[in-house]
Amino acid sequence: MDLFASAARRSAPLADRMRPRTLEGFIGQEHIVGPGRLLRRAIEADQLTSSIFFGPPGSGKSTLAEIIAQSTRAHFRKVNAVTTGVKEVRDIISEAESELMMNGKSTYLLLDECHRWSKSQSDSILPAIEKGVIKFIGSTTENPLVAMTPAIVSRCRLFQFRALTPADIDKAVCRALTDRENGFGNLKIEFSAEARAHIVSVANGDARAALNAVELAVLTTRPDADGVIRIDLSIAEESIQRRAVRCDEEEYYNMLSAFCKSLRGSDSDAALFWASRMLYAGVDPRIIVRRMIVHSAEDVGLANPAAMLQAVAAAQALEFVGMPEARLNIAQAIIFICESPKSDSVVSAVGEAMSDAENSYQAGVPLHLRDTHYRGADKLGNGAGYKYPHDYPGHYTPQQYLPDDLVGKTYYRPGDQGSEAKIGEAKKRRAERKE
Numbered sequence: 011m012d013l014f015a016s017a018a019r020r021s022a023p024l025a026d027r028m029r030p031r032t033l034e035g036f037i038g039q040e041h042i043v044g045p046g047r048l049l050r051r052a053i054e055a056d057q058l059t060s061s062i063f064f065g066p067p068g069s070g071k072s073t074l075a076e077i078i079a080q081s082t083r084a085h086f087r088k089v090n091a092v093t094t095g096v097k098e099v100r101d102i103i104s105e106a107e108s109e110l111m112m113n114g115k116s117t118y119l120l121l122d123e124c125h126r127w128s129k130s131q132s133d134s135i136l137p138a139i140e141k142g143v144i145k146f147i148g149s150t151t152e153n154p155l156v157a158m159t160p161a162i163v164s165r166c167r168l169f170q171f172r173a174l175t176p177a178d179i180d181k182a183v184c185r186a187l188t189d190r191e192n193g194f195g196n197l198k199i200e201f202s203a204e205a206r207a208h209i210v211s212v213a214n215g216d217a218r219a220a221l222n223a224v225e226l227a228v229l230t231t232r233p234d235a236d237g238v239i240r241i242d243l244s245i246a247e248e249s250i251q252r253r254a255v256r257c258d259e260e261e262y263y264n265m266l267s268a269f270c271k272s273l274r275g276s277d278s279d280a281a282l283f284w285a286s287r288m289l290y291a292g293v294d295p296r297i298i299v300r301r302m303i304v305h306s307a308e309d310v311g312l313a314n315p316a317a318m319l320q321a322v323a324a325a326q327a328l329e330f331v332g333m334p335e336a337r338l339n340i341a342q343a344i345i346f347i348c349e350s351p352k353s354d355s356v357v358s359a360v361g362e363a364m365s366d367a368e369n370s371y372q373a374g375v376p377l378h379l380r381d382t383h384y385r386g387a388d389k390l391g392n393g394a395g396y397k398y399p400h401d402y403p404g405h406y407t408p409q410q411y412l413p414d415d416l417v418g419k420t421y422y423r424p425g426d427q428g429s430e431a432k433i434g435e436a437k438k439r440r441a442e443r444k445e
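Sequential numbering of the sequence shown, starting at 11, is according to this note's numbering.
This is the structure we're talking about:
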């Protein structure tokens, strides 16, 4: 490392300075780089094929790519998808072809934020990957199966990184405090166990967030009379005040799915948690209440009709009162929907009816049900034979309402939960009067 590179490294943020340079120093991801694992063997043998690393921020994706760059005998280029166009990609491919012909070396192309590449950018590199001129390594926080073009994904091996464990984060923090070359090992620092535990907890699996907090705490705290920098819990709390919550597109849909399934599954504790986590992550609360309105019909329906009233009232409260107070109304509706008896009879009924409306023979409306409000309708036979239900006992009398080809068809089948049990009994009594 030359003088300028050494100076630049010393001035870099702590998180960058503490990046491991070897697999032995790499923290976490034992499921893919632990001893004997495929990815580790491929890196050690310098036989890594085109790959995509994906997972949450601060989990080590870029660090592992840098380790590969340091250990491989191949040529290595690193670019960012945000700033790299098709022209630069073609220049890299041309350079890689020359490197392969003149020196027999293939080229690794590390692409940060690879999910941001357009289809045309992805297509421009496919031939080079297929010929072995380029070994592609993509790094992204998004799920490549959702966010990237299938053509690239199908030619790569996927490695999913997990959020680091508290033990992993604590190891990274301790290493930074004791490392004399890149960390704060040359300073006299007393970091209380409570302060370290707070940073580890709030970092939420993100090593970068934890190290940034440690750096801020150390650099902004004056040494005492003994020359010791003492970091207590209050300083740690100021250094990392808000827990990092991942909420990219994939995680957003995952949390929303968990919330909806918790409503359907009658688990009010889980539904409240997922709603709260989405709110904390910045999800628009209107999205949450819209889902509640839908599920009040889809999963509760007529087993407890008041569920929809609660959901709609929560939506109105959100508009009239606003956050954060409206979270009380939202929570009340969530609990009401979860604790209500469940039925999917509404969604089943409308699904079957819509299918028949689309696919069945379009028979005319029976004459006795046709419109009679205009002059001369009776001459067409409209309304002839119609029985006015309120003229009969119980305000009901049997008559045909469906088209001829659908007579006898049943869409709504009441469940046996809550109010639907009574509805089912009434429906059964009406059916008996038809016989």
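Built from N, CA and C at the ideal position, the CB exists for glycine as well.
In this structure the region 369 to 385 lies against the region 411 to 419, because at least three pairs of beta carbons, one per stretch, are closer than 8 Å. DSSP, read as helix, strand or coil, puts residue 70 in coil. The bridge partners DSSP lists for residue 64 are 150 and 170. Residue state for residue 201 is assigned as strand, using DSSP reduced to three classes. For residue 188, no beta strand (DSSP E) segment is defined; the enclosing uninterrupted segment is the alpha helix (DSSP H) at 176 to 188. For residue 145, the beta-bridge partners assigned by DSSP are 118. Excluding its 5 nearest sequence neighbours in each direction, residue 333 has C-beta neighbours in its own chain below 7 Å: 295, listed in chain order. DSSP places residue 87 inside the beta strand (DSSP E), whose first and last residues are 85 to 90. Counting the other Cβ atoms within 10 Å of the Cβ of residue 397 gives fewer than 16, which makes it exposed. For residue 240, no alpha helix (DSSP H) encloses it; the enclosing beta strand (DSSP E) starts and ends at 239 to 241. DSSP places residue 100 in the uninterrupted alpha helix (DSSP H) bounded by 96 to 113. Annotation for residue 349: the continuous alpha helix (DSSP H) segment containing it runs 336 to 349. DSSP, reduced to helix, strand and coil, places residue 290 within a helical segment of the structure shown. In the structure shown, residue 123 falls within a coil segment according to DSSP collapsed to helix, strand and coil. Taking 8 Å as the cut-off, the Cβ atoms of residue 73 and residue 145 do not count as close. Contact between residue 208 and residue 247 holds, with the beta-carbon distance rounding to 6 Å and staying under 8 Å. In the DSSP assignment, residue 405 falls outside any alpha helix (DSSP H), carrying neither H nor E. Taking residue 354 as reference, the option from 363, 311 and 232 with the minimal CA-CA separation is 311.
The region 374 to 383 makes no contact with the region 337 to 345: fewer than 3 CB pairs, one atom from each, lie closer than 8 Å. Assigned with DSSP and collapsed to three states, residue 28 falls in coil, not helix or strand.
A Cβ-Cβ separation of about 30 Å leaves residue 69 out of contact with residue 96 under the 8 Å criterion. DSSP places residue 371 outside both helix and strand once states are collapsed to three, so it counts as coil. In the structure shown, the three-state DSSP call for residue 430 is helix. Residue nearest to residue 171 within the set 443, 304 and 40 is 40 (criterion: CA-CA distance). Going by DSSP, residue 251 is part of no alpha helix (DSSP H) at all; its letter is neither H nor E. Taking a contact to require three or more Cβ pairs closer than 8 Å, the region 149 to 160 and the region 189 to 209 do not qualify as touching. Taking C-alpha positions only, residue 127 is separated from residue 302 by approximately 36 Å. The three-state reading of DSSP puts residue 314 in coil, since its state is none of H, G, I, E or B. Out of 47, 77 and 85, the CA that lies nearest to the CA of residue 114 is found in 85.
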